[in-house]
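Q: With the UniProt record's numbering, the residue at position 13 of the sequence shown is 13, and numbering never jumps. The C-beta atom is built at its ideal place from N, Cα and C for all residues, glycine as well. Could you have a look at this structure, given as structure tokens, before my questions?
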Amino acid sequence: RAVLEPAMAGRDMIGRAITGSGKTLAFGIPILDKIIRNRSPRRQRRSPSALVLAPTRELARQVQKEFKESAPNLSSACLYGGVPITNQIRSLGMGIDIAVGTPGRIIDLVERGALNLSEVKFVVLDEADQMLAVGFQEDVERILNYLPEERQCMLFSATMPSWVNELSRKYLNKPVVVDLVGDSHQKLADGISLFSIVSSNSGKENTLSSLISTYGQGGKSIIFTRTKKDAEELSRSMGGALSSKALHGNMQQFQRDKTLAAFRDGRFNVLVATDVAARGLDIPNVDL
């Protein structure tokens, strides 16, 4: 509700929100409602009325999925790298109401003349601090400069580094600030418990194997790592004791999809993923 009301009122917004807080529907419902009520007759090559930027392919796909489920009569496109651009250009040529994507691919499509942002009325920057973490800051600012001056802008970020604050000062108009995190050190969604365990590098694999065997209860477990190299090495080193695979940004999209499908289906039970690559994943029944 804290996000929904100013979004419905058309206000620019800065939202401090954690993953799993339900913010997608909170900003999505007002956007969908306004597009549906004000939409002109459908035409080919119509330009999007809404643009959502996300730091990863998986998060972009999850946001688009929620939009499609909430408003199946609206047309949307999910635009990200790692897959052929020709299919995305074809979708844009049919005309869309909503574009969801990663900044790099959005820039590419704009520069090719396939994506026109001149009619965007609503723009959302989802997990802006993570876009900074993966080096998208220049692309984000270029995209914002392509947009009309008259638009509603909503920015969401779990943390507020200096670039995010500067972005809000430069591109948002008298924004409402909604803090769903507060000053508490607790940054977790409800239903999640966090424990800290000290371990040396040499003993890390044994510690993790013991934890997963004890608390994973034979179900799905996810291990987050800082780097792609860490994900690969840890997955390999645990392969003898546990069924595990790695997930990171260097993998091609079909490899990522194949790995995630196998994990969801229970063909292996330990996913070792970089924290950025894993953002926006929708995987049910994860125990640890």
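1. Tell me which residue opens and which closes the beta strand (DSSP E) that phenylalanine 76 is part of.
2. Tell whether a beta-carbon distance below 8 Å holds between isoleucine 212 and serine 221.
3. For the alpha helix (DSSP H) containing glutamine 253, list its first residue and its last residue.
4. Go through its chain and collect everything with a Cβ distance to glutamate 150's Cβ below 8 Å, but skip five positions before and after it.
5. Pick out the complete alpha helix (DSSP H) segments inside the region 41-105, 4 residues or longer, and give them in chain order.
6. Please state if the CB of leucine 288 and the CB of tyrosine 215 are separated by a distance shorter than 8 Å.
7. When burial is assigned at 16 or more other CB atoms within 10 Å of the CB, is aspartate 179 buried or exposed?
8. Could you check if lysine 174 is buried or exposed, using at least 16 other CB atoms within 10 Å of its CB as the buried criterion?
9. Can you find at least 3 beta carbon pairs, one from the region 68-81 and one from the region 234-249, that sit closer than 8 Å?
10. Are there three or more Cβ pairs, one per stretch, closer than 8 Å when the region 81-93 is compared with the region 121-137?
11. With contact counted as at least three CB pairs below 8 Å, one residue from each stretch, are the region 99-118 and the region 23-30 in contact?
12. Can you give me the start and stop residues for the alpha helix (DSSP H) that isoleucine 35 sits inside?
13. Which class does aspartate 179 belong to by DSSP, given the choice of helix, strand or coil?
14. Starting from the C-beta of threonine 102, find all residues in its chain whose C-beta is less than 8 Å away, skip the five residues before and the five after it, and write them out in chain order.
15. Going by other Cβ atoms of all chains shown within 10 Å of its Cβ, with 16 needed for buried, is glutamate 166 buried or exposed?
16. To the nearest whole angstrom, what separates the beta carbons of aspartate 129 and alanine 158, a pair I think is in contact under 8 Å?
17. Report yes if the CB atom of valine 123 is closer than 8 Å to the CB atom of leucine 92, and no otherwise.
18. Tell whether a beta-carbon distance below 8 Å holds between residue 294 and serine 47.
19. Does the distance from the CB of phenylalanine 224 to the CB of aspartate 282 come in under 8 Å?
20. Smallest Cα separation from residue 323: which of Gln217, Leu247, Ser237?
21. Could you tell me the alpha carbon to alpha carbon distance between lysine 228 and glutamine 253, rounded to whole angstroms?
22. In chain order, what residues of the same chain lie with their CB nearer than 6 Å to the CB of valine 177, ignoring the 5 residues before and after it?
A: According to the structure data:
1. Reading the sequence shown from its first residue, position 76 is the one you call residue 76. Note that residue 76 is serine in the sequence shown here, rather than phenylalanine. Unbroken beta strand (DSSP E) run through serine 76: 76-79.
2. Here residue 212 refers to the residue found at position 212 of the sequence shown. Here residue 221 refers to the residue found at position 221 of the sequence shown. With respect to the 8 Å criterion, isoleucine 212 and serine 221 are classified as neighbours on the basis of their beta carbons.
3. Taking the sequence shown and counting its residues from 1, the one referred to as residue 253 is at position 253. Glutamine 253 -> alpha helix (DSSP H) spans 253-264.
4. Residue mapping note: residue 150 aligns to position 150 of the sequence shown, counting from 1. Taken in chain order, the residues that qualify are Lys121.
5. With a minimum length of 4 residues, the unbroken runs of alpha helix (DSSP H) contained wholly in the region 41-105 fall at 57-70, 85-94.
6. For this step, residue 215 is matched to residue 215 along the sequence shown. For this step, residue 288 is matched to residue 288 along the sequence shown. The answer is yes: Cβ separation under 8 Å.
7. Locating residue 179 in the sequence shown gives position 179, counting from the first residue. By the neighbour-count criterion, in which a residue is buried when 16 or more other Cβ atoms sit within 10 angstroms of its Cβ, aspartate 179 is exposed.
8. Residue mapping note: residue 174 aligns to position 174 of the sequence shown, counting from 1. Under this definition lysine 174 is an exposed residue.
9. no
10. no
11. no
12. For the purposes of this step, residue 35 is identified with residue 35 of the sequence shown, where counting begins at 1. Segment 23-38, the alpha helix (DSSP H) holding isoleucine 35.
13. Walking along the sequence shown from the start, residue 179 turns up at place 179. Secondary structure of aspartate 179 (DSSP, three-state): strand.
14. By 1-based counting over the sequence shown, the position of residue 102 is 102. Excluding residues within five positions, the ones whose Cβ falls inside 8 Å are Leu53, Ala54, Pro55, Thr56, Arg57, Ala60, Leu79, Tyr80, Gly81, Phe136.
15. Position 166 of the sequence shown holds residue 166. Exposed.
16. What you label residue 129 is simply residue 129 of the sequence shown in a count that begins at 1. What you label residue 158 is simply residue 158 of the sequence shown in a count that begins at 1. Contact holds; Cβ gap of about 6 Å.
17. Here the question's residue 123 lines up with position 123 in the sequence shown. Here the question's residue 92 lines up with position 92 in the sequence shown. No, Cβ-Cβ distance for valine 123 and leucine 92 is not below 8 Å.
18. This structure leaves residue 294 out entirely; the chain is present only between 1 and 288.
19. Here the question's residue 224 lines up with position 224 in the sequence shown. Here the question's residue 282 lines up with position 282 in the sequence shown. Contact: no.
20. Nothing in the structure corresponds to residue 323, since the chain is present only between 1 and 288.
21. Stepping through the sequence shown from its first residue, residue 228 is reached at position 228. Stepping through the sequence shown from its first residue, residue 253 is reached at position 253. Answer to the nearest angstrom: the Cα atoms are 15 Å apart.
22. Here residue 177 refers to the residue found at position 177 of the sequence shown. Cβ neighbours of valine 177 beyond the five flanking positions: Ile14.
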